[in-house]
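To start, the structure under review is shown below, and the notes come after it.
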Amino acid sequence: MTLDKNFDPAAIEARWYEHWETKGLFRPERDDREPFTIVNPPPNVTGSLHIGHALDNTLQDIVIRHERMKGKDALWVVGMDHAGIATQMVVERQMNERQEKRTDFTREEFVEKVWAWKEESGGTITGQLRRLGCSMDWSNERFTMDEGMNEAVLKVFVDLYNDGLIYRDKRLVNWDPALKTAISDLEVETTDTKGSFWHFKYPLADGVTLDNGQDYIEVATTRPETMLADMAVAVHPSDDRYKSVIGKEILQPITGRRFKIVADEHADPELGSGAVKITPGHDFNDFEVGKRAGFAAGEMLNMLDCEANVCQTADGLVPDEYIGLHRFKKDGINGARELVVQRLKEQGFLIPHVSKNKDGETVEHDAEPRTIATPFGDRGGVVIEPWLTDQWYVDAETLAQPAIKAVRDGDIEIVPKTWEKTYFNWMENIQPWCVSRQLWWGHRIPAWFDENGKIYVAMDEASAQAQAGADVVLTRDPDVLDTWFSSALWPFGTLGWPEKTKDLERHYPNDLLISGFDILFFWDARMAMQGIQFMKEVPWKRLYLHGLVRAEDGSKMSKSKGNVVDPLGLIDQYGADALRFFMAAMESQGRDIKMDDKRVEGYRNFATKLWNASRFCEVNGIGASKTLAAPEATLPVNRWIISEVVETQGALDKALADLRFDAAANTIYHFTWDRFCDWYLELIKPVLQGEDANSADETRIVAGWVLDQIIVMLHPFMPFITEELWHSMGDREYDLIVAKWPEPKADIDKEAKAEVDWLIRLISATRTAKVELNIPPGTKMSAHVRDGDDALAERIQRQSSALNRVGRLESFSFDAAPEGATAQIVVDGATYVLPLAGAVDFAAEKARLTKALEASQKEAKSLSGRLGNANFVEKAKPEAVEKARSDLSDKEAEAERLQAAIDRLG
0 MTLDKNFDPA AIEARWYEHW ETKGLFRPER DDREPFTIVN PPPNVTGSLH
50 IGHALDNTLQ DIVIRHERMK GKDALWVVGM DHAGIATQMV VERQMNERQE
100 KRTDFTREEF VEKVWAWKEE SGGTITGQLR RLGCSMDWSN ERFTMDEGMN
150 EAVLKVFVDL YNDGLIYRDK RLVNWDPALK TAISDLEVET TDTKGSFWHF
200 KYPLADGVTL DNGQDYIEVA TTRPETMLAD MAVAVHPSDD RYKSVIGKEI
250 LQPITGRRFK IVADEHADPE LGSGAVKITP GHDFNDFEVG KRAGFAAGEM
300 LNMLDCEANV CQTADGLVPD EYIGLHRFKK DGINGARELV VQRLKEQGFL
350 IPHVSKNKDG ETVEHDAEPR TIATPFGDRG GVVIEPWLTD QWYVDAETLA
400 QPAIKAVRDG DIEIVPKTWE KTYFNWMENI QPWCVSRQLW WGHRIPAWFD
450 ENGKIYVAMD EASAQAQAGA DVVLTRDPDV LDTWFSSALW PFGTLGWPEK
500 TKDLERHYPN DLLISGFDIL FFWDARMAMQ GIQFMKEVPW KRLYLHGLVR
550 AEDGSKMSKS KGNVVDPLGL IDQYGADALR FFMAAMESQG RDIKMDDKRV
600 EGYRNFATKL WNASRFCEVN GIGASKTLAA PEATLPVNRW IISEVVETQG
650 ALDKALADLR FDAAANTIYH FTWDRFCDWY LELIKPVLQG EDANSADETR
700 IVAGWVLDQI IVMLHPFMPF ITEELWHSMG DREYDLIVAK WPEPKADIDK
750 EAKAEVDWLI RLISATRTAK VELNIPPGTK MSAHVRDGDD ALAERIQRQS
800 SALNRVGRLE SFSFDAAPEG ATAQIVVDGA TYVLPLAGAV DFAAEKARLT
850 KALEASQKEA KSLSGRLGNA NFVEKAKPEA VEKARSDLSD KEAEAERLQA
900 AIDRLG
């Protein structure tokens, strides 16, 4: 199979992926080998490949391909998440287009529609992962709601309930009025919005006054509508202004509700009036104050329904005109907030905000303008409402303790280690995990209630009925479990648990989890808790947390900014291999990646460079190697390149073991481009074209072996081009994806390395001198050696062919150089004097260099002066200062180079 002249990624990628998958090469039968296991973070069934997926899955694929080539039973578990909220939203949106609503159907009918959507349209991302080259075990693809995972989820819930680690409680939750479900703290996005801060008078009841004679307490709020469910006013116990009225009552305007003034340290005497209105049913801080004041959760007043419209409170004191209003203005219609402010103003209880206009005149406003940190649901897109409701909770604090210990004891290694502090901080302050969601799509909670509200938790209705008794009427809980509840079981649920399967025995615990740091709490920490709880072992031995892929300017990608990068578009333009290599090369532990199309293009050029090098080999009779170990070699250049392979493989193995993806990618990149393509192939041209057949044969064998090592070592990063080259270079007994990782079984030849490295330095220095002196690169020159010895003379003799053909140095002499202009090069202590007669116009060249030197020195002086100016350094933008420093460094280096060129002229 002859290589095409041009490298075309699109022509080979689909063909090779189908070949691998069809032949079952992603999971070859290796039951007798050491297992290695990773699980992918299951993408949403509604999702499409985004640039973060591309990074995450590229890193995983590099690891799994490397371990597979090392001969292990490498398993990469793949599957999708049912994405409760997102999927239900997609299906309901489609129904709305047909003028249908979810509630037009029974729950069972709606769920059937979701399954039908999943079969028809879900899972787009799985095809996209294939385009990226992900070598996942598709033959055992899982879904968080498949039969096996469903059984695992139900068992976990039942067991946790029986162990007292899941319970039902009335607490405040983050309620999304658009989706009509509770969501977790982690699904709340806080955004700064323009709002208002109102001040009101709350009259003291029964003629009571403050010590200064004031008959009211001033309170302030950004949410005046919540006064309809106020139950107290809190003041600090040490605040002298209010000590005399602690325990007295407020007679609230509008509702006429009487409630007490309570002492609580939540009230800050330094903020505003020092008094805080307390609405325990609609504010998380107030909820805690209410509990300390003696209110049970069931006694706390609720003033909103599930759509955040005003409903009557338990005490019946909300006036009728508020019932049914939305909490605040919606769709241009005033809500409860606006009406509360209007009525309080009419009744004289609004304290105006006073300011001055541009003319210095006093102006009164209803409220003080404020920028308010406002919580929004990440999917519903509306303001989240703290809402008092009955939900199911996991005792996360108890489950967290073994997971904390696992990291402290080293049973789980977090890489980079700097993330440990964040992990511990969250786990040690973890709150109860609300796991119930008010949806129809998802794992329905296996709990049933009798007519008195008693709970029966069981794997199925028959078991629950057996617990309750045959005559007891049971109603199943309508809620489903949080999607993250099921994905927390991914490391063992996907391996067959609760059944004791062979895969579970061999592949749990997993070896590694690669995850974005942004799901450390959503997913990673919860897997650690559930894995230890149910398997009595950590779910994985190492946790690698990578950064985010950001826009080129370092900002976060977002659709609103228009800076989102489509990885599939990059694959179309540059090929999957180039995108993958970019991700690996830029993935530096603990840092985010800045997207850079030019770098991706550069790695496409790298692939082209390798393609062309392989074509050169093919044309020159260099083909597939027949040996895993390094071949015998006598020529220094061949012994040198074998040593370079040994060093490269050692550095590459260490980088991959340390999860230093950037170091690994750069190691194979520089060996391939610099050492093999730029130097080795150039240095062997004289050998291949020479008259010594034995040397030429040895070189072809060594070159074929080295190219094989490159193809193998590069395969985890660039699987498509390497598989193509593997087969193009000769007949193979097996595909590259299951080839053996290099085993050179050779030592580093220090003598050969020293000689060829010297050769490269001498040729490089000669080329640099020619560039600086404006001498055409093909010009042949002679060299007179000063301070050389017999060993150097022998080295020059051995390398004379390469020095002549590659270095364009046609003769060497150890005699003194003739009179006249010369260039002088120093390499390893010896000086090489190059006569310039006929090669350069000495006077003109010296004048050109001097003029350039003066310009560089002038610019360097100007930049140095600017950086020496404290005003510039302190007041200029940081990027401007950094650019000036960089420019100064460049100009100083340029001046030094030009001075060296002038010095060479003598």
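In numbering that gives the first Met the number 0, the protein residues as written are 0 to 905. The beta-carbon is built from N, C-alpha and C at its ideal position, and this holds for glycine as well.
Here D786 carries a coil assignment [DSSP, helix/strand/coil].
Between the stretch 198-205 and the stretch 214-229, the count of Cβ pairs shorter than 8 Å is three or higher; the stretches touch. The stretch 799-807 makes contact with the stretch 680-697, as at least three CB pairs between them are under 8 Å. Judged by DSSP in its simplified three-state form, G78 adopts strand. Using a C-beta cut-off of 8 Å, the stretch 304-313 makes no contact with the stretch 362-370, since fewer than three inter-stretch Cβ pairs fall below that distance. Take P41, set aside five residues on each side of it, and the residues of its chain with a beta-carbon closer than 7 Å to its own are G78, M79, D80, T143, S486, W489, in chain order. DSSP places S587 outside both helix and strand once states are collapsed to three, so it counts as coil. For S812, the uninterrupted beta strand (DSSP E) run begins and ends at 808-812, by DSSP. The three-state secondary structure of L835, taken from DSSP, is coil. The Cβ neighbour count for L808, taken over all protein chains shown within 10 Å, is at least 16; the residue is labelled buried. In this structure N509 is buried. Its beta-carbon is surrounded by 16 or more other beta-carbon atoms within 10 angstroms. Within the same chain, and ignoring the five residues on either side of A399 in sequence, the residues whose Cβ sits closer than 7 Å to its Cβ are M426, I429, M528. Distances from the CA of E732 to each of S624, G246, G212, L658 were compared; the closest alpha carbon is that of S624.
Cα atoms of G359 and M299: separation of roughly 47 Å, rounded to the nearest angstrom. A residue is called buried when at least 16 other Cβ atoms come within 10 angstroms of its Cβ; R326 meets this threshold and is buried. T647 is a Cβ neighbour of F670, given a cutoff of 8 Å. Just measuring C-alpha positions, the residue of K752, A233, A892, I249 sitting nearest T208 is I249.
By the beta-carbon neighbour count (other beta carbons within 10 angstroms, threshold 16), D263 is buried. The beta carbon of L159 lies closer than 7 Å to those of I165, V393 in the same chain, with the five residues before and after it left out.
Judged by pairs of C-beta atoms under 8 Å, the stretch 839-852 touches the stretch 771-779, as three or more such pairs exist. Between A583 and I61, the C-beta spacing is below 8 Å. Under the Cβ criterion (8 Å, minimum of three pairs), the stretch 602-609 does not count as touching the stretch 651-663. When the five nearest sequence neighbours on each side are left out, the beta carbons in the same chain lying within less than 6 Å of the beta carbon of R101 are those of E91, F109, in order along the chain.
The alpha-carbon of D162 is positioned some 21 Å away from that of R475. About 32 Å separates the CB atoms of T765 and I710; that is not less than 8 Å, and the two are not in contact.
By the criterion of a C-beta distance shorter than 7 Å, G729 is surrounded in its chain by G622, A623, once the five residues flanking it on both sides are discounted. Counting only runs of at least 3 residues, the stretch 167-237 fully encloses the following beta strand (DSSP E) elements, listed from N- to C-terminal order: 180-182, 187-202, 215-220, 231-234.
Its Cα nearest to that of Q127, the residue L569 stands out among A295, E600, V234, L569. Per the C-alpha coordinates, the member of F516, P497, F811 positioned closest to T421 is F516. For Q856, the three-state secondary structure derived from DSSP is helix. One thing to note: L713 has its Cβ no nearer than 8 Å to the Cβ of I762. Around the beta carbon of R256, 16 or more other beta carbons lie within 10 angstroms, which makes this residue buried. When the alpha-carbon of E20 is set against those of N173, D136, L567, E853, the nearest one is in D136. Here the alpha carbons of Y602 and Y679 stand approximately 21 Å from one another. L655 is not a Cβ neighbour of A664, given a cutoff of 8 Å.
Assignment of A372 by DSSP, reduced to helix, strand and coil, places it in the strand class.
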